[in-house]
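Engineer: When you line the sequence shown up against the numbering used here, it's residues 6 to 498, in that order.
The beta carbon of each residue, even a glycine, is placed where N, CA and C say it ideally should be.
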Amino acid sequence: MDLASYRASARQFQTELTLEKYQHHAGIKEELAIEPIYRKYGELFTDSAVKELFELHRHAQADGEKPLRHLLHFTCEHSLNAEVFAEDQELARVQSTADLDVGGQKLSFHEAAVHLSNELDPARRARLFDARMEVIARSNPLRVQRMNKLHSKARVLFSMPYTELYQHLTRVNFPVLKTQLENFLGASESYYSTHLERYARDTLGLELGQVRAADVPLLMRGHRYDHLFPQDRILSLLKRTLMGLGVDLKKQTNIVIDSAERASKSSIPHCFPVQVPQEVYLVFRPQGSAFDFLTLFHEAAHALHHGFTSENEPFEFHVLGDPAVGETYGFLFEYLTLNEDWLQDFLKLPQGDTDLLEFTQFRKLYLLRRYAARFLFELVLHSRDDVGDPSLPDEYAQQQQKALLLPAEPAVFLHDLEETFYGTRFLRGWIFEAELREILIARFGSRWYSRPAAGDFLRELWSFGFRYDCDELAARIRRWGLNVDPITRELQK
6 MDLASYRASA
16 RQFQTELTLE
26 KYQHHAGIKE
36 ELAIEPIYRK
46 YGELFTDSAV
56 KELFELHRHA
66 QADGEKPLRH
76 LLHFTCEHSL
86 NAEVFAEDQE
96 LARVQSTADL
106 DVGGQKLSFH
116 EAAVHLSNEL
126 DPARRARLFD
136 ARMEVIARSN
146 PLRVQRMNKL
156 HSKARVLFSM
166 PYTELYQHLT
176 RVNFPVLKTQ
186 LENFLGASES
196 YYSTHLERYA
206 RDTLGLELGQ
216 VRAADVPLLM
226 RGHRYDHLFP
236 QDRILSLLKR
246 TLMGLGVDLK
256 KQTNIVIDSA
266 ERASKSSIPH
276 CFPVQVPQEV
286 YLVFRPQGSA
296 FDFLTLFHEA
306 AHALHHGFTS
316 ENEPFEFHVL
326 GDPAVGETYG
336 FLFEYLTLNE
346 DWLQDFLKLP
356 QGDTDLLEFT
366 QFRKLYLLRR
376 YAARFLFELV
386 LHSRDDVGDP
396 SLPDEYAQQQ
406 QKALLLPAEP
416 AVFLHDLEET
426 FYGTRFLRGW
436 IFEAELREIL
446 IARFGSRWYS
456 RPAAGDFLRE
466 LWSFGFRYDC
476 DELAARIRRW
486 GLNVDPITRE
496 LQK
């Protein structure tokens, strides 16, 4: 195999695929046309190419092992994806073209999600929720078919079960992580349940046992804080915060914020690094929520990470590597709302007013518990020969309900899924973010976000792209690896 030629083709494939996904996610294109791209670059993901990369990685010298590992991970995932691009295109088409009738109002699938998180009328919330669930349930046979094909491909091509393949690719010990997460769920349940009861009463006017699955998006949205985040100030808050770090978004012409309103545009913000670092898109569709801020800042950090990656880094370190590193930066900016000084400086919150701080901390714990439960279910799901097993939807709902103490909809058991075990990256990102934040505060003070020197420090980290994983970055900064103590201290406050 000519590795230089392979890398060049892989880079071009990644560019074209990411651009196609951006245009679909942003509502510019209704159809997600990924099949022609996979066919055009089919030679990258043949069985023989995958096996050859496995052998090259097995015999790699120490200095070349990491790039080959990242390239192998990339090739394995896209080899699997190539098996199901027809299903992926059809699922994307169903969701982008679904026409929901909610009490006489016509809404797209994504518009209904925005309305659901804003709707104060319980009856209309239920209708919005049911309309979305109908679309999801109708397409579940296709999701079952898709996942069974992925499992089969993993067994045939890699001669190992799906879960074992991803342990090999991610280098995460799933049994150890499972034990850690089960312990975490037990240790945090008392704090979580007490605050959940409080917010259910304050936000929904309901006792915990009265909350329905349709109520959860509004419960977690935090609409009582909307007045602190006027829609016309969200982008200016981001720009002002970054100016304190010495980053002027106006001068970062390689980073494009797409905030235009389009009917089929996804309600989920996302960063699309089409070409790193030259062409990065940040897709953002405000939902009228205080937590538009969190999602915008999170995805903006991804954009900055990609936009400041050194051009001198090889392709493998531009967009491949440990995604937990990118999530670390996302959480670092998202959780500026856990910084009392930032709240006072930018939102003019009175000193000692901890209501928003407490809710943000609770919401963070909700997400940690949700991702922990999802990972535990994914271990079960990916151990089954047939994911059409009728017991799995209820097993998903039970796992979510046990962790979140809230009702869950069984029909979303495959819709709410990270088939690449991406949730493990979120969990590692949460751990490293708390450690990185402690380092920033120790070096630059609690107002690190207003120190250009802190911006220089972050730009140096961003310049590496994905050269280092979380453990290596932690060791580079502090001389020891990833440490759970900071996030443990934070959650114990």
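#1: Can you confirm whether the segment 402-418 touches the segment 309-318 when touching is taken to mean that 3 or more C-beta pairs between the two stretches lie within less than 8 Å?
#2: Mapping DSSP to helix, strand and coil, what is residue 195?
#3: Taking C-beta to C-beta, are residue 80 and residue 58 nearer than 7 Å?
#4: Quick check on residue 122: buried or exposed, where buried means 16 or more other Cβ atoms within 10 Å of its Cβ?
#5: From residue 476 to residue 125, what distance separates their C-alpha atoms?
#6: So, under 8 Å CB-CB, residue 375 and residue 408 are touching, yes? Tell me the CB distance rounded to an integer number of Å.
#7: Considering only residues of the same chain and omitting the five flanking positions on each side of residue 459, which have a CB-CB separation below 8 Å?
#8: State buried or exposed for residue 75, treating a residue as buried only when at least 16 other CB atoms are found within 10 Å of its CB.
#9: With 16 other CB atoms within 10 Å as the buried threshold, where does residue 66 fall?
#10: Taking the alpha-carbon positions, what's the residue 492 to residue 435 distance?
#11: Going residue by residue through the segment 214-255, where are the continuous alpha helix (DSSP H) segments of at least 4 residues, counting only ones entirely within it?
#12: Considering only DSSP beta bridges, list what residue 284 is partnered with.
#13: When the Cα atoms are used, what is the spatial distance from residue 469 to residue 334?
#14: If we call anything under 7 Å between Cβ atoms a contact, is residue 326 one with residue 471?
#15: Of the residues 271, 175, 206 and 212, which one's Cα is nearest the Cα of residue 34?
#16: Determine the closest residue to residue 338 out of 269, 358 and 308, with distance taken between C-alpha atoms.
#17: Alpha carbon to alpha carbon, what distance is there between residue 465 and residue 216?
#18: Using a Cβ-Cβ cutoff of less than 7 Å, which residues in the same chain neighbour residue 481 once the five nearest sequence positions on both sides are dropped?
#19: Throw me the rounded Cβ distance for the residue 285 and residue 278 pair, which I believe falls under 8 Å.
#20: Take every Cβ of the segment 172-179, pair it with every Cβ of the segment 143-150, and state whether three or more of those distances are shorter than 8 Å.
#21: Answer with buried or exposed for residue 283, where buried requires no fewer than 16 other C-beta atoms within 10 angstroms of its C-beta.
#22: In terms of alpha-carbon separation, which member of 114, 95 and 97 lies closest to residue 104?
#23: In this structure, does DSSP put residue 422 in helix, strand or coil?
#24: Consult DSSP for residue 455 and reduce its assignment to one of helix, strand or coil.
#25: Take residue 208 as the anchor and find which of 224, 200, 195 and 197 has the nearest alpha-carbon.
Structural biologist: On the basis of the coordinates in this document:
#1: no
#2: The residue given as residue 195 occupies position 190 in the sequence shown. Helix, per DSSP.
#3: Reading the sequence shown from its first residue, position 75 is the one you call residue 80. Reading the sequence shown from its first residue, position 53 is the one you call residue 58. Yes. Within cutoff.
#4: Here residue 122 corresponds to residue number 117 of the sequence shown, with the count starting at 1. So residue 122 ends up on the buried side.
#5: Within the sequence shown, residue 476 is the residue found at index 471, counting from 1. Within the sequence shown, residue 125 is the residue found at index 120, counting from 1. One C-alpha to the other measures close to 44 Å.
#6: For the purposes of this step, residue 375 is taken as the residue at position 370 of the sequence shown. For the purposes of this step, residue 408 is taken as the residue at position 403 of the sequence shown. Yes, residue 375 and residue 408 are in contact; Cβ-Cβ is about 7 Å, under 8 Å.
#7: Residue mapping note: residue 459 aligns to position 454 of the sequence shown, counting from 1. 250, 445, 448, 449 and 453.
#8: On the sequence shown, position 70 is the one that residue 75 refers to. By the neighbour-count rule (16 or more Cβ atoms within 10 Å), residue 75 is buried.
#9: Numbered from its first residue, the sequence shown carries residue 66 at position 61. By the neighbour-count rule (16 or more Cβ atoms within 10 Å), residue 66 is not buried but exposed.
#10: Residue mapping note: residue 492 aligns to position 487 of the sequence shown, counting from 1. Residue mapping note: residue 435 aligns to position 430 of the sequence shown, counting from 1. One C-alpha to the other measures close to 8 Å.
#11: 221-226 and 239-249
#12: Sequence index remark: in the sequence shown, residue 284 carries index 279 (1-based). The partner list for residue 284 (beta bridge, DSSP) reads 280.
#13: Residue numbering aside, residue 469 sits at position 464 when the sequence shown is read from its first letter. Residue numbering aside, residue 334 sits at position 329 when the sequence shown is read from its first letter. Distance between the alpha carbons of residue 469 and residue 334: 13 Å.
#14: Translated into the one-based positions of the sequence shown, residue 326 becomes position 321. Translated into the one-based positions of the sequence shown, residue 471 becomes position 466. For residue 326 and residue 471, yes; Cβs fall inside 7 Å.
#15: Counting from 1 along the sequence shown, the entry for residue 34 is found at position 29. Minimum Cα distance to residue 34 is reached at 271.
#16: Residue mapping note: residue 338 aligns to position 333 of the sequence shown, counting from 1. That would be 308, whose Cα lies nearest to the Cα of residue 338.
#17: Locating residue 216 in the sequence shown gives position 211, where the first residue counts as 1. Locating residue 465 in the sequence shown gives position 460, where the first residue counts as 1. Those two C-alpha atoms are separated by around 46 Å.
#18: Sequence index remark: in the sequence shown, residue 481 carries index 476 (1-based). Taken in chain order, the residues that qualify are 473.
#19: In the sequence shown, counting from the first residue as 1, residue 285 sits at position 280. In the sequence shown, counting from the first residue as 1, residue 278 sits at position 273. Going by Cβ atoms, the distance from residue 285 to residue 278 rounds to 5 Å, so yes, they are a contact pair.
#20: no
#21: Position 278 of the sequence shown, counted from the first residue, corresponds to residue 283. Exposed is the call here.
#22: Counting from one through the sequence shown, the residue named residue 104 turns up at place 99. Of 114, 95 and 97, the residue nearest in Cα terms is 114.
#23: Start at 1 with the first residue of the sequence shown, and residue 422 comes out as number 417. Coil at residue 422, not helix or strand.
#24: By 1-based counting over the sequence shown, the position of residue 455 is 450. Note: residue 455 maps to helix in three-state DSSP.
#25: Here the question's residue 208 lines up with position 203 in the sequence shown. With distances taken between Cα atoms, residue 208 lies closest to 224.
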